[in-house]
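60 is the number of the first residue of the sequence shown in our numbering; add one for each residue after it. Read through the structure below, which is laid out as structure tokens, and then see the notes.
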Amino acid sequence: MPFPAQTIPSPALFTGLFKRPLLKGKLIARYKRFFADVELDTGEIITAHCPNTGKMTGCAEPGFTAWVQPNDDPKRKLKYTLELVQNTQEEWIGVNTHRANNIVKAALQQGLITSLPNISDIDCEVKYGKEQSKIDFLLTHTDDSLTYLEVKSVTLQAPQSSLGYFPDTISTRAHKHCRELMHVLDRPSNLPQRAVMLYLVQHTGISQVSPATHIDSTYAQLVAEAKSLGVEFLAYNCKINQENILINQELNFIM
């Protein structure tokens with residue numbers, strides 16, 4: 060049976076995203092990539108795990124409102140995870156990039172990504188390609204066609220603009236994923252196949268997405284080449300607050 064399609068274009072609530080209520084505070088500093096010091100509203104200063112490998116430009120300024128999730132796993136050295144921040148414009152930003160695939164999977168299951176309809180099965184982390192990559196999602200549709208779907212998280216906002224960029228630093232991994240998606244369309248197949256890059260925008264101030272040519276010109280060139288060969292590029296934003304992250308609507312992807 061295919062996953063149901065939504066007939067009402069309303070956001071999808073991804074329940075269970077945060078296992079425990081988030082605690083509010085002020086960001087003191089993010090450092091050594093994976094650490095963030097936060098002063099909680101209680102006055103306690105804690106160090107949280109920051110699950111984001113990017114530069115987080117414009118997303119980790121001292122004084123930003125920070126939302127952390129407590130964790131009582133005895134095996135963890137850091138008992139908090141930085142999940143969300145709010146900038147000085149009160150825009151919400153999801154900084155935990157590990158959440159992106161869960162959000163997208165829930166949207167796929169609920170039929171909310173209308174550009175990818177009639178899904179009958181979702182497989183995750185499937186090996187594929189010339190470079191032995193793992194695709195985020197391999198979708199099987201009711202007509203037995205396949206979609207290879209790669210997900211990227213977008214939080215970099217252009218100054219004084221609603222334009223979002225990807226990537227926020229040079230990314231050889233993103234280069235590889237572009238090449239692999241091109242290879243999907245280049246190889247012979249008995250079944251129809253699609254190759255799709257989906258940018259999940261976890262920044263409420265962003266309303267359109269573009270490759271960051273000024274940061275990673277190689278990636279921008281690969282995107283242009285992939286697009287010319289039939290790879291599809293989609294962008295979706297989210298509604299975000301301290302309780303939930305909700306898939307919202309499709310955005311323009313511009314070259």
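Note that CB positions come from ideal geometry on N, CA and C, so glycine has one too. Here the structure is a predicted model, which means the values were calculated and not measured.
**OP:** Pull up the CB-CB distance for E149 and Y187, whole angstroms please, since I reckon it's below 8 Å.
**Re:** Contact between E149 and Y187 does not hold, since their C-beta atoms are separated by about 41 Å, which reaches or exceeds 8 Å.
Subject >> Own chain partners of Q267 with C-beta closer than 8 Å, once the 5 adjacent residues on each side are dropped >> reply: Here Q267 has S221, L222, G223, A294, L310, N311, F312, I313 as same chain residues with Cβ atoms under 8 Å from its own Cβ, once five neighbours each way along the sequence are excluded.
Original post:
Helix, strand or coil: which one does DSSP assign to Q65?
Top reply: Caution applies to Q65, whose pLDDT of 39 falls short of 50 and renders its modelled position unreliable; the value that the coordinates give is listed next. In the structure shown, the three-state DSSP call for Q65 is coil.
Original post:
Going straight from the alpha carbon of V97 to that of Q128, what length do you get?
Top reply: Whole-angstrom Cα-Cα distance: 12 Å.
**OP:** Specify whether the segment 127–147 and the segment 227–237 touch according to this definition: at least 3 beta carbon pairs, one from each stretch, less than 8 Å apart.
**Re:** Cβ pair count under 8 Å is below three, so no.
Original post:
Buried or exposed: which applies to R92, given that a residue is buried once 16 or more other Cβ atoms fall within 10 Å of its Cβ?
Top reply: That one is exposed.
Subject >> D180 in three-state terms, based on DSSP >> reply: Looking at D180 - three-state DSSP - the assignment turns out to be strand.
Original post:
Does the segment 239–255 touch the segment 294–303, meaning 3 or more C-beta pairs lie closer than 8 Å?
Top reply: Too few Cβ pairs lie closer than 8 Å, so no.
Original post:
Excluding five sequence neighbours on each side, which residues of the same chain lie with their C-beta closer than 7 Å to the C-beta of L110?
Top reply: Sequence check: residue 110 is Pro here, not Leu. Answer for P110: T140, N155, T156, H157, listed in chain order.
Subject >> Simplified DSSP assignment, three categories, for E98 >> reply: The answer is strand: DSSP assigns E98 an E or B state.
Original post:
Which residues bound the beta strand (DSSP E) around T106?
Top reply: Counting along the chain, the beta strand (DSSP E) containing T106 begins and ends at 104–108.
Original post:
Are there 16 or more other CB atoms within 10 angstroms of the CB of S287, so buried, or fewer, so exposed?
Top reply: Under the 10 Å beta carbon count, S287 is surrounded by fewer than 16 other beta carbons and is classified as exposed.
Original post:
Using a C-beta cutoff of 9 Å, does Q301 count as contacting chain C?
Top reply: In the structure shown, chain C cannot be found, because there is only a single protein chain.
**OP:** Compare the Cα-Cα distances from M115 to each of D100, L137, N146 and report the closest residue.
**Re:** It is N146 whose Cα lies nearest to the Cα of M115.
**OP:** Mind checking who C297 pairs with in its DSSP beta bridge?
**Re:** DSSP output for C297 lists I306 as bridge partner(s).
Original post:
So, using beta-carbon positions, are A254 and Y207 closer together than 9 Å?
Top reply: Yes, Cβ-Cβ distance for A254 and Y207 is below 9 Å.
Original post:
Straight-line CA distance for A107 to A285?
Top reply: Taking the straight line from one Cα to the other gives about 38 Å.
**OP:** Please list, in chain order, all residues of the same chain as T277 whose beta carbon is under 8 Å from its beta carbon, the five residues on each side excluded.
**Re:** If you ignore the 5 residues before and after T277, its C-beta comes within less than 8 Å of the C-beta of I229, H234, all in its own chain and listed in chain order.
**OP:** Go ahead and pull the three-state DSSP assignment for V163.
**Re:** DSSP places V163 in the helix class (H, G or I) of the three-state scheme.
Original post:
On the three-state DSSP scale, how would you describe Q219?
Top reply: It is coil, neither helix nor strand.
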